[in-house]
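Participant:
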Amino acid sequence: MFMEINVLFFGVLAEVTQTTFRHYRNIESFSDLLHRIQDEFPEMIHYNYRIAVNSEIINEDPELKNMDEVAFMPPFAGG
Amino acid sequence: MADTVLINGPITREIISSRIDLLSQKKELGGHSIFLGQVRADVKGIRKVKAIEYSAYEEMAGKEAEVIKKAILEEFSDVKSVDILHATGKVMAGEVSLLILVSAGHRQQAMAACSKTVELIKEKLPVWKKEIFEDNTHEWAQNHLA
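Residue numbers (my numbering), protein chains in the order written: chain A, 69 to 147; chain B, 28 to 173.
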């Protein structure tokens, strides 16, 4: 089943990708999404980041649902 | 409904005093601990920070702030309220970017809980900062956790 996924980029990743938001169509799985993003923005490999799905940080590959929001987040720097 | 955690622009003296004014209504409380985080004019090599531009994942920041408040209220039984306000956008050196206000029956827990809240914010709030130098170059900064 193909999904539509909204992707957010924050901090230095928004600068590197020159965007804060991307909408991807025809996504099959989380790893499919990662490959699509890595193909589009190969420079992201040089940065550390964590990933959140619908505002929850994930540690392993999640099961994505249609219209999920996936955020790429560099180390936090609040305060 | 969760309180607003992020505001656009610096946390002004007016905002800080209005929060402090509200405290007098809480007559059962004996101690308020306030932390103000201020943008520091760090010097890196020959460059000096003139401002920080903050950005945040708003939806997640709201949820995380609630998680932090709940954790503090559970850990410190004498603490009755935890206020968190974080600036977004551009904040000049010398201006305030973070306000934490913890109210408790007595001073010990107010101070300990305020300190713990600051650490949790630095660790868990999805906020990013871009240091802007006086020569208009910039650098993305990262927190050093205690």
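Yeah, the Cβ is synthetic: ideal placement off N, Cα and C, and Gly gets one too.
(1) Where does the unbroken beta strand (DSSP E) through B:H171 begin, and where does it stop?
(2) Given 8 angstroms as the limit, is there contact between the stretch 112-131 of chain B and the stretch 49-63 of chain B, that is, 3 or more CB pairs closer than that?
(3) Does the CB of B:G64 have a neighbour CB from chain A at under 7 angstroms?
(4) Please check if any C-beta of chain B sits within less than 7 angstroms of the C-beta of A:I143.
(5) Strictly under 7 angstroms for the Cβ-Cβ distance: is A:V121 near chain B by that measure?
(6) Just to make sure I have the definition right: I need the residues of chain A whose C-beta is within less than 9 angstroms of the C-beta of B:A168. Which are they?
(7) Determine the burial state of B:G121: buried for a count of at least 16 other Cβ atoms within 10 Å of its Cβ, exposed for fewer.
(8) Using a Cβ cut-off of 7 angstroms (strictly closer), state whether B:M28 contacts chain A.
(9) DSSP state of B:T115, grouped into three classes?
(10) Are the C-beta of A:F140 and some C-beta of chain B separated by less than 7 angstroms?
(11) Determine the direct distance from the alpha carbon of B:G89 to that of B:M28, and round the result to whole angstroms.
(12) At a CB-CB cut-off below 7 angstroms, which residues of chain A make contact with B:V118?
(13) Could you tell me whether the stretch 31-39 of chain B touches the stretch 85-93 of chain A, where touching means 3 or more Cβ pairs closer than 8 angstroms?
(14) In its own chain, which residues sit with a C-beta less than 6 angstroms from the C-beta of B:K143, not counting the 5 before and 5 after it?
(15) Provide the residue(s) that pair with B:L59 in DSSP beta bridges, ordered along the chain.
(16) Could you tell me which chain A residues have their CB closer than 7 angstroms to the CB of B:E86, listed as they occur along the chain?
(17) Find out if the Cβ-Cβ distance for the pair A:G79, B:G64 is shorter than 7 angstroms.
Facilitator: Reading off the structure:
(1) Careful: B:H171 lies outside any beta strand (DSSP E) and carries neither H nor E.
(2) yes
(3) yes
(4) Inspection of the sequence shows that residue 143 of chain A is occupied by Pro rather than by Ile. Closer than 7 angstroms to some Cβ of chain B, the Cβ of A:P143 qualifies, so yes.
(5) no
(6) A145
(7) exposed
(8) Model confidence at B:M28 stands at a pLDDT of 44, short of 50, so the residue's coordinates are unreliable; what they give is reported in the following sentence. Not closer than 7 angstroms to any Cβ of chain A, the Cβ of B:M28 fails to qualify, so no.
(9) strand
(10) no
(11) Confidence at B:M28 is low in this model, with a pLDDT of 44, below 50, so the placement of that residue is unreliable and no value is reported for it.
(12) Within 7 angstroms Cβ-Cβ: nothing; B:V118 doesn't reach chain A, min ~11 angstroms.
(13) no
(14) none
(15) According to the sequence as given, residue 59 of chain B is His; it is not Leu. For B:H59, which the question treats as bridged, DSSP gives the partners B:S130.
(16) S123
(17) no
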